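So that you can map any letter, position 79 of the sequence shown is 79 in the working numbering, and since no number is skipped, the others follow by simple counting. Where is the CB? At the ideal position from N, CA and C, for every residue including glycine. Only a predicted model underlies this, so the values are computations on that prediction, with no experimental measurement involved. Report on one structure; see the data block that follows.
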Amino acid sequence: MAAVFSGEPGSVQLQSIQTPVPQPGELLVRVIGCTLCGSDLHSIEGRRSVPVPTVLGHEIVGRIEQIGGADPLYDAAGQVLVPGDQIVWAIVASCGECFYCRRRLPQKCRNAVKYGHESFRRGYELLGGLAEHCLLTRGTAVVRVPAGLPLSAVCPASCATATIAA
Numbered sequence: 001m002a003a004v005f006s007g008e009p010g011s012v013q014l015q016s017i018q019t020p021v022p023q024p025g026e027l028l029v030r031v032i033g034c035t036l037c038g039s040d041l042h043s044i045e046g047r048r049s050v051p052v053p054t055v056l057g058h059e060i061v062g063r064i065e066q067i068g069g070a071d072p073l074y075d076a077a078g079q080v081l082v083p084g085d086q087i088v089w090a091i092v093a094s095c096g097e098c099f100y101c102r103r104r105l106p107q108k109c110r111n112a113v114k115y116g117h118e119s120f121r122r123g124y125e126l127l128g129g130l131a132e133h134c135l136l137t138r139g140t141a142v143v144r145v146p147a148g149l150p151l152s153a154v155c156p157a158s159c160a161t162a163t164i165a166a
C-alpha cells in the first residue's frame, strides 16, 4: 500500500502497488518511519509543483528486506549491508558520472533520483516514504541507524543533510 498524490490539492489516495524486485545495486526497504517535511505539505496543499502521480515522503527510516544482485552493497562507512539492517538514506541517488558528480556534488546530479519527488515509471513507483516499501536505486548513500534511536529524530536526517550539502 502507498499514499499516492495525483496533483489534486488536498487529495492523497491509498493504492495497492506491487512490491518491486530490486535489480543489481538496488535495495528493497520496508518503511518503518517517515516524517512529513514542509515540502510534502506544500505539495499536498498545491503550493509546490511535484511530478505526479507520486509517493511523497523523503524523511525515511527503513529496514532492508532484499538486496538486488549477488554483489555486496556497502553503507557510507564501507560496511557490507545485510537484510535486517535499519537504515536512513540520502534523499538523492546520484549517477556518479555527470559534471556535478565528478566534482563531488552528488546532490546536484543531473540524472538524480529524488526520493519522494519522482513520478511513477514502470517498476519504480515506490520511491517515497508514504508507503510500506521503498526501492533504493543504485547510487543511494545509506547509513545504518543504531538501535535505540527514536525514529522521530532519525527520519529528518536525510532531508537535513541534503539541505546542508546544497
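{"Check": "When burial is assigned at 16 or more other CB atoms within 10 Å of the CB, is SER11 buried or exposed?", "Outcome": "exposed"}
{"Check": "So with Cβ pairs under 7 Å, would you call TYR124 a contact of chain D?", "Outcome": "Protein chains in the displayed structure number just one, and chain D is not present."}
{"Check": "In angstroms with no decimal places, state the Cα-to-Cα distance between PHE99 and CYS109.", "Outcome": "8 Å"}
{"Check": "Output yes or no for whether 7 Å exceeds the beta carbon distance between VAL142 and ILE87.", "Outcome": "yes"}
{"Check": "Short check: CB of SER119 to CB of PRO51, under 7 Å?", "Outcome": "yes"}
{"Check": "Assuming ALA2 contacts ALA93 under a Cβ cut-off of 8 Å, what Cβ separation, rounded to an integer in Å, is found between them?", "Outcome": "Actually they are not in contact, since the Cβ atoms of ALA2 and ALA93 sit about 19 Å apart, beyond 8 Å."}
{"Check": "On the DSSP letters alone, give me the boundaries of the alpha helix (DSSP H) that ILE102 sits inside.", "Outcome": "Here the sequence assigns Arg to residue 102, which means Ile is not the residue at that position. Here the alpha helix (DSSP H) through ARG102 covers 99-102."}
{"Check": "Given GLN13, which residues of its chain have a CB within under 6 Å of its CB, disregarding the five upstream and five downstream residues?", "Outcome": "VAL4"}
{"Check": "Taking only runs of the alpha helix (DSSP H) that begin and end inside the region 71-122, which ones reach a length of at least 4 residues, in chain order?", "Outcome": "99-102"}
{"Check": "Applying the criterion that 16 or more other CB atoms from any shown protein chain within 10 Å of the CB defines a buried residue, is HIS133 buried or exposed?", "Outcome": "buried"}
{"Check": "Given this structure, state the Cα-to-Cα distance separating VAL31 from ARG63, to the nearest angstrom.", "Outcome": "7 Å"}
{"Check": "Cβ atoms of CYS95 and GLY38: under 7 Å apart, would you say?", "Outcome": "no"}
{"Check": "From the DSSP output, which residues share a beta bridge with ILE67?", "Outcome": "LEU27"}
{"Check": "Keeping to the same chain, check which residues put their C-beta closer than 7 Å to that of CYS159; ignore five residues upstream and five downstream.", "Outcome": "CYS37, HIS58, GLU59 and ILE91"}
{"Check": "Quick check: PRO24 and GLY68, are their CB atoms within less than 7 Å of each other?", "Outcome": "yes"}
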